[in-house]
Every structure is written in structure tokens, then in C-alpha cells.
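Have a look at the structure below before the remarks.
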Amino acid sequence: MMDFIVIPILALLAATAVTVARIRNLWAAVMFTGIYSFLSASWMLILDAPDVAFTEAAVGAGITTILMLATLSLTPRRHRKSSRLSSEDFEERPSKSPVFPLLIVTITGCALVYGTFDMPHFGDPNAPIQVYPEPSFVEKSQPDMHGLPNVVTAVLASYRGYDTLGETAVIFTAGIAVLLILRKNTDDQGSSESQSVTGENA
Amino acid sequence: MNSFPIIRVITKLLIPYILLFGLYVQFHGDFGPGGGFQAGVIFAAALILYGLVYGLPAVHKVAPPKVIEKLTALGLLVYAGTGLACMLLGGNFLDYDVLNHGILTENHFLPEGQHLGIFLVELGVGITVTAVMTMIFYAFAGRERVTS
Numbered sequence: 041m042m043d044f045i046v047i048p049i050l051a052l053l054a055a056t057a058v059t060v061a062r063i064r065n066l067w068a069a070v071m072f073t074g075i076y077s078f079l080s081a082s083w084m085l086i087l088d089a090p091d092v093a094f095t096e097a098a099v100g101a102g103i104t105t106i107l108m109l110a111t112l113s114l115t116p117r118r119h120r121k122s123s124r125l126s127s128e129d130f131e132e133r134p135s136k137s138p139v140f141p142l143l144i145v146t147i148t149g150c151a152l153v154y155g156t157f158d159m160p161h162f163g164d165p166n167a168p169i170q171v172y173p174e175p176s177f178v179e180k181s182q183p184d185m186h187g188l189p190n191v192v193t194a195v196l197a198s199y200r201g202y203d204t205l206g207e208t209a210v211i212f213t214a215g216i217a218v219l220l221i222l223r224k225n226t227d228d229q230g231s232s233e234s235q236s237v238t239g240e241n242a
Numbered sequence: 002m003n004s005f006p007i008i009r010v011i012t013k014l015l016i017p018y019i020l021l022f023g024l025y026v027q028f029h030g031d032f033g034p035g036g037g038f039q040a041g042v043i044f045a046a047a048l049i050l051y052g053l054v055y056g057l058p059a060v061h062k063v064a065p066p067k068v069i070e071k072l073t074a075l076g077l078l079v080y081a082g083t084g085l086a087c088m089l090l091g092g093n094f095l096d097y098d099v100l101n102h103g104i105l106t107e108n109h110f111l112p113e114g115q116h117l118g119i120f121l122v123e124l125g126v127g128i129t130v131t132a133v134m135t136m137i138f139y140a141f142a143g144r145e146r147v148t149s
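Heads up: the sequence lines are chains A and B, in that order.
Everything in the first sequence is counted per the numbering used here, starting at 41 for the first residue and increasing by one.
Everything in the second sequence is counted per the numbering used here, starting at 2 for the first residue and increasing by one.
Set out below in C-alpha cells:
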């Protein structure tokens with residue numbers, strides 16, 4: 041029954057990925073990456089990971105798309121600027137012979153597929169991830185957490201609080217770095233229409 | 002996009018619900034799916050949507066860049082401060098068990114111990130993520146196009 045949903049989503053994911061790789065209209069490519077993110081969010085929801093699906097939908101489809109579009113609008117467009125999708129947007133083929141890259145991709149793909157044979161089957165109750173912490177977090181967290189029912193949050197914020205502190209610090213550092221690189225001097229806030237480009241603070 | 006009345010009206014209708022959903026994901030994250038990261042991004046998405054439709058000056062009035070800059074650090078400080086508070090109360094860093102207070106805990110009116118610690122920590126994460134995402138948007142949107 042699930043296959044009716046799973047197979048179309050995976051097929052659409054593959055089709056979207058190929059389209060992103062082939063399309064030469066950058067605006068359309070950005071929109072297709074957004075579509076890809078939404079499809080993966082649906083896929084993660086099917087895999088019972090609503091937290092990750094949230095993040096994928098909000099970050100991947102929402103904010104990343106907007107930032108990519110903002111970048112495109114800031115940079116000069118070297119490619120054709122057609123707003124409509126047409127067959128001319130798909131470049132015919134690259135000039136070099138595709139045999140060697142195809143060979144490498146095929147070998148890598150085969151190696152990766154071969155690697156999955158050693159992995160536990162999806163949903164296997166004897167997989168290491170299900171049996172490793174003994175007793176498991178699911179059993180431990182109820183008495184530990186003073187009435188906090190969500191095991192995912194308990195693991196993220198309490199059992200592995202250091203990790204999450206580090207992640208927050210990484211986000212903070214990334215934000216500071218982006219600010220240092222991209223920010224103009226915005227001392228005259230509130231009237232940013234007339235921002236001066238004098239880089240005194242830079 | 003100032004000249005599209007449909008987009009303006011629909012945006013104004015949508016933004017309160019996006020903000021409300023962000024708050025729900027933040028403060029209900031202990032019970033349902035969600036948490037600081039997701040809530041922060043959803044909250045920032047509402048601000049970014051407002052900025053996209055109504056322009057940068059409008060969103061700068063709602064969330065001034067100077068405040069946003071400080072909030073990035075504040076969230077991290079809330080997180081680390083929760084850990085330090087645990088140390089001051091005699092536990093280990095981020096050991097929320099010492100946050101037990103025993104006040105108004107019937108019916109989970111005030112969360113206790115681990116629950117309180119997780120609440121504060123997630124709040125810190127949410128503040129930092131909201132602020133960083135909004136700030137990055139400001140940094141991108143505040144620049145002018147490179148003339149080619």
C-alpha cells in the first residue's frame with residue numbers, strides 16, 4: 041500500500057535530480073532544488089522522521105531557495121535569461137566525451153550499492169541502532185526526564201546536550217562569518233533604502 | 002513586489018499563522034516533533050517572507066538588524082548559561098537534574114529538572130537560529146546588484 045506513495049516520490053526525486061543537473065536556466069534550477077527539497081521532506085515524513093522533514097522543508101525548500109535566488113539576483117547572469125521553460129534551456133551536450141566520467145560514476149555507484157549489502161535491512165529490529173544502548177533511551181528517558189515524553193528531544197537536548205551546544209555554536213559562527221563577509225556598513229538602520237556604501241566598519 | 006495586492010494581502014493573512022506555528026513547534030517540541038532548530042527556521046521564514054513582499058525597510062522596522070545581531074549571541078548565551086547555572090547549583094555542566102525546584106509542578110504547570118533544562122536550551126537554540134537566518138537574509142538582501 042505504501043508503495044503507491046513511495047515509488048512515485050522516489051521516481052520524482054530522481055527525475056528532479058536529473059533535471060537540476062541538465063537544465064541551464066539557473067532560476068529554474070534553483071526552483072527545482074526547492075522542489076527536490078519538498079519531495080525529500082515528504083519522503084522523510086514517510087520514514088517517520090517528522091523532525092528532519094520539518095527542517096528539510098523549512099531550510100532546504102524555503103530559506104536556501106530564497107538565498108540562492110538572492111545570490112542569482114546579485115550576480116550577473118551569464119546564461120540565457122529566458123523566463124519561460126523551453127527546449128532551448130536544455131543544453132544539448134557538453135563538448136567532452138562522456139565515457140570516462142560515466143565509467144567513474146558507474147563504478148562508484150556499484151561500490152556504494154555493494155556497500156549497502158552489509159547494512160542491516162531497513163526496519164530490522166536486530167540492527168545495531170535498535171539494540172545498542174542497553175537499556176535503550178526509549179526505556180531510560182521516561183524515568184529520567186521528569187515527564188518529558190519526546191525521546192528525540194530528550195536525546196538531543198539532554199543526553200547529548202554538548203553536541204547540541206556545539207551545533208548552536210556552529211550556527212552562530214557561520215552567521216558571524218557570513219556577516220563579516222557580506223555585510224555593508226548599516227549604521228543608518230531604519231532607512232536602508234539610502235544605505236551608503238562607505239565601508240568604514242569593514 | 003509592492004505592487005501586487007493579492008500577494009500583499011495573502012502574506013499579511015499568512016504571517017501570523019506562520020509565527021504561531023513557529024511558536025508551537027518551539028514550545029510543544031518537548032511533546033511533539035520539533036524543537037529549537039525547526040522553530041527558529043520557521044520563525045525566520047515568516048520574517049523573510051515579510052521582507053520579500055514588503056521590502057527591507059519594513060522588516061527592519063519589525064526586527065532591527067542591531068537587535069537581531071545581539072540575539073544571535075543571546076541564544077548561545079542562554080544555552081551555555083543554562084549549563085553554567087547547573088554548575089552553580091552544584092551539578093555538572095548541562096546536568097539539568099539540579100534544576101529541580103518543586104514549585105507549582107502539579108499538572109506540569111512549571112516544568113521541572115530535566116524538562117526545564119531542555120526547555121531553556123531549546124529556547125536558546127531557537128533564538129540563535131532565528132537570528133542567524135534573519136541576519137543572513139539581511140546580509141544578502143542589503144547588497145546591490147553587481148553591474149556586469
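Backbone N, C-alpha and C define an ideal beta-carbon position, used for all residues, glycine too.
Keep in mind the model is a prediction, meaning the values are calculated, not measured.
- The count of Cβ pairs closer than 8 angstroms, one atom from the region 77-85 of chain A and one from the region 46-61 of chain A, reaches three, so the stretches are in contact.
- L75 of chain B is positioned such that its CB atom lies closer than 9 angstroms to that of T129 of chain B.
- Distance check between V54 of chain B and each of B:M134, B:I7, B:F120, B:E123 places B:I7 closest, using alpha-carbon atoms only.
- Restricted to the region 33-107 of chain B, the alpha helix (DSSP H) segments that are unbroken, complete and at least 4 residues in length are 37-55, 57-63, 66-89, listed in chain order.
- Beyond the five residues adjoining it in sequence on each side, D31 of chain B comes within less than 7 angstroms, by CB distance, of H116, I119, F120 in the same chain, given in chain order.
- Its chain contains D91 as the residues whose beta carbon lies nearer than 7 angstroms to that of V192 of chain A, once the 5 sequence neighbours on both sides are disregarded; these appear in chain order.
- Considering only A:A194, A:H161, A:F162, A:G149, the residue with the shortest C-alpha distance to S176 of chain A is A:A194.
- The three-state reading of DSSP puts Y172 of chain A in coil, since its state is none of H, G, I, E or B.
- With fewer than 16 other Cβ atoms inside 10 Å of its own Cβ, F44 of chain A counts as exposed.
- Counting only the Cα atoms, E207 of chain A lies some 24 angstroms from D184 of chain A.
- In this model, I106 of chain A and F138 of chain B are separated by some 8 angstroms (Cα to Cα).
- Apart from sequence neighbours up to five positions away, the residues of its chain that approach T12 of chain B with a beta-carbon distance below 8 angstroms are L50, Y51, V54, Y55, ordered along the chain.
- For the region 198-228 of chain A, residues whose beta-carbon sits nearer than 9 angstroms to a beta-carbon of chain B comprise S198, G201, Y202, T204, L205, E207, T208, A209, I211, F212, A214, G215, I216, V218, L219, I221, L222, R223, K224, T226.
- Think of a sphere of 7 angstroms around the beta carbon of Q39 of chain B: the chain A residues whose beta carbon falls inside it are D91, F94, T95, A98, in chain order.
- At a cut-off of 9 angstroms between C-beta atoms, A194 of chain A counts as an interface residue with respect to chain B.
- Under a 10 Å Cβ-count criterion, F141 of chain B is classified as buried, with 16 or more other Cβ atoms of the shown protein chains found around its own Cβ.
- Taking CB atoms only, L53 of chain B has a neighbour in chain A less than 9 angstroms away.
- In this structure, the straight-line span from the alpha carbon of G37 of chain B to that of V60 of chain B is close to 22 angstroms.
- Counted as a single uninterrupted DSSP element, the stretch harbouring F5 of chain B is not any alpha helix (DSSP H), since DSSP gives it neither H nor E.
- At a cut-off of 9 angstroms, the C-beta of N190 of chain A has a neighbouring C-beta in chain B.
- Around M134 of chain B, the beta-carbon contacts reaching into chain A at under 7 angstroms are I103.
- For M136 of chain B, the enclosing alpha helix (DSSP H) stretches over residues 114-142.
- Taking a cut-off of 8 angstroms for Cβ pairs, the region 63-77 of chain B and the region 205-219 of chain A touch, as three or more such pairs fall below it.
- Within the same chain, I128, T129, T131, A132 come within 8 angstroms of L72 of chain B by CB-CB distance, once the 5 residues on both sides are set aside.
- M185 of chain A belongs to the set of residues whose beta carbon lies under 9 angstroms from a beta carbon in chain B.
- The beta carbon of A47 of chain B lies closer than 6 angstroms to those of I16, I19, L20 in the same chain, with the five residues before and after it left out.
- With 16 or more other Cβ atoms from the protein chains shown falling within 10 Å of its own Cβ, A64 of chain B counts as buried.
- Secondary structure note for G102 of chain A: it is in no alpha helix (DSSP H), with a DSSP letter that is neither H nor E.
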